[in-house]
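Numbering (my numbering), first residue to last: 228 to 637.
Note that CB positions come from ideal geometry on N, CA and C, so glycine has one too.
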């Protein structure tokens, strides 16, 4: 990998204030220095320089939760009827015969959409394993969450859970309503023993809350009979978070919890006591009519990111549109720092939610050179607002570990 200095009118390190006329020195895929262009050109002579000119250089976006394999069923899903009806449609659509080639094609289409909206890291939920090789070939940085149910209980821990510089596999028990407490405990024990972080869908819908409380719910009434699943015994709890807490799910392990919509103020205050990364998916939540994440309750919490979810519950995988929607929904509540906090979710916040902050998420010495460059058509005095107002046409460069994986004329 080559050494170079990459310069831009504006650099947004995220972990520190914006730099006007800034540069980043990259060596062997890692960031060696960041500062003013004048300073870096004086310190490092006779090194290749890439001058991007007017625009914004910032860390690559992190789409912390997506289901690429479900892109093939998008046309089968109607946008109405609530969470239970939606889940039933997904199950029915997945039962219809389709080839591996069709699923892989939808995965590749999704990968292209991610890259074209500035994503350099993806938290992918792998249901069938047909996303693994297309993702490995993509140039992206990948956290591949292997989706697990009780039916996998006799062999799931035989999976290798590969890990290298840009590809990492982690267990992902689907949800508290679809995995028995015994199976959840097995996954927790495996995670602790092998020091592998895990993920789970948590507190997404009111139906999940009803299930945990032992009230009438759509899972036991309709979904379980549909899939031939018997009702499993479990302890009642006031909430999904409380249920997993009682199981010891959060003890001595790292958990990426996705959605986290139905969380009380008291529960939100307990999250910092554990290693929990929160991933919000606001457009998916709106699509399914399950409510919105309580962002004010998470204010000040650093391990919080954003994801588009899959095309079965969203209109597209465009992270620009996800950020813009978040900003429009919550900017008044978040106040003066709303624009920074919005961009933070898709950069350093996402890295922290996936427990990758030692490697990515900000532009600082020692981190991987996962970078994107934007040339916004609509600019503001607030550079973070310029990022939020951007679209994929404004994206001119995408780098992972200092290697260009997407570019357009600047």
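Beta-carbon spacing of residue i, residue j below 8 Å
i: residue 285; j: residue 241; result: yes
i: residue 298; j: residue 334; result: yes
i: residue 599; j: residue 301; result: no
i: residue 294; j: residue 588; result: no
i: residue 488; j: residue 431; result: yes
i: residue 394; j: residue 373; result: no
i: residue 249; j: residue 262; result: yes
i: residue 424; j: residue 582; result: yes
i: residue 445; j: residue 311; result: yes
i: residue 528; j: residue 506; result: no
i: residue 256; j: residue 628; result: yes
i: residue 535; j: residue 290; result: yes
i: residue 275; j: residue 230; result: yes
i: residue 611; j: residue 570; result: yes
i: residue 447; j: residue 469; result: no
i: residue 568; j: residue 561; result: yes
i: residue 369; j: residue 596; result: no
i: residue 371; j: residue 396; result: yes
i: residue 342; j: residue 632; result: yes
Paired residues, beta bridge with residue i - DSSP
i: residue 485; result: 428, 506
i: residue 626; result: 598, 631
i: residue 252; result: 232, 260
i: residue 656; result: The structure shown does not extend to residue 656, since the chain spans only 228 to 637, so no value can be given for it.
i: residue 352; result: 372
i: residue 455; result: Answer is none; residue 455 lacks a bridge partner.
i: residue 285; result: 599
i: residue 237; result: 247, 283
i: residue 390; result: 395
i: residue 346; result: 288
Of the listed residues the options, nearest to residue i (C-alpha basis)
i: residue 485; options: 496, 467, 300, 479; result: 467
i: residue 542; options: 554, 280, 528, 511; result: 511
i: residue 322; options: 355, 257, 247; result: 355
i: residue 616; options: 262, 583, 566; result: 566
i: residue 234; options: 272, 282, 444; result: 282
i: residue 350; options: 380, 399, 605; result: 399
i: residue 556; options: 544, 521, 529; result: 521
i: residue 427; options: 421, 404, 343, 442; result: 404
i: residue 515; options: 378, 548, 316; result: 316
i: residue 491; options: 362, 460, 523; result: 523
i: residue 481; options: 530, 590, 558; result: 530
i: residue 554; options: 613, 450, 419; result: 613
Beta strand (DSSP E) segment containing residue i, residue limits
i: residue 276; result: 276–278
i: residue 397; result: 394–400
i: residue 318; result: Not the beta strand (DSSP E): residue 318 falls in the alpha helix (DSSP H), residues 309–322.
i: residue 533; result: 531–533
Extent of the continuous alpha helix (DSSP H) to which residue i belongs
i: residue 364; result: Counting along the chain, residue 364 falls outside any alpha helix (DSSP H), and DSSP gives it neither H nor E.
i: residue 290; result: Unbroken run through residue 290 is the beta strand (DSSP E), 288–293; no alpha helix (DSSP H).
i: residue 577; result: 575–580
i: residue 337; result: 327–343
i: residue 546; result: 546–561
i: residue 469; result: 467–474
i: residue 495; result: 492–497
i: residue 413; result: 408–421
i: residue 435; result: 433–440
i: residue 611; result: 610–615
C-beta neighbour in chain C for residue i, strict 8 Å
i: residue 450; result: Chain labels in this structure do not include chain C; a single protein chain is all it has.
Outcome for residue i when other beta-carbon atoms lying within 10 angstroms are tallied against a minimum of 16
i: residue 452; result: exposed
i: residue 479; result: exposed
i: residue 273; result: exposed
i: residue 402; result: buried
i: residue 247; result: exposed
i: residue 545; result: buried
i: residue 436; result: buried
i: residue 411; result: buried
i: residue 580; result: buried
i: residue 458; result: exposed
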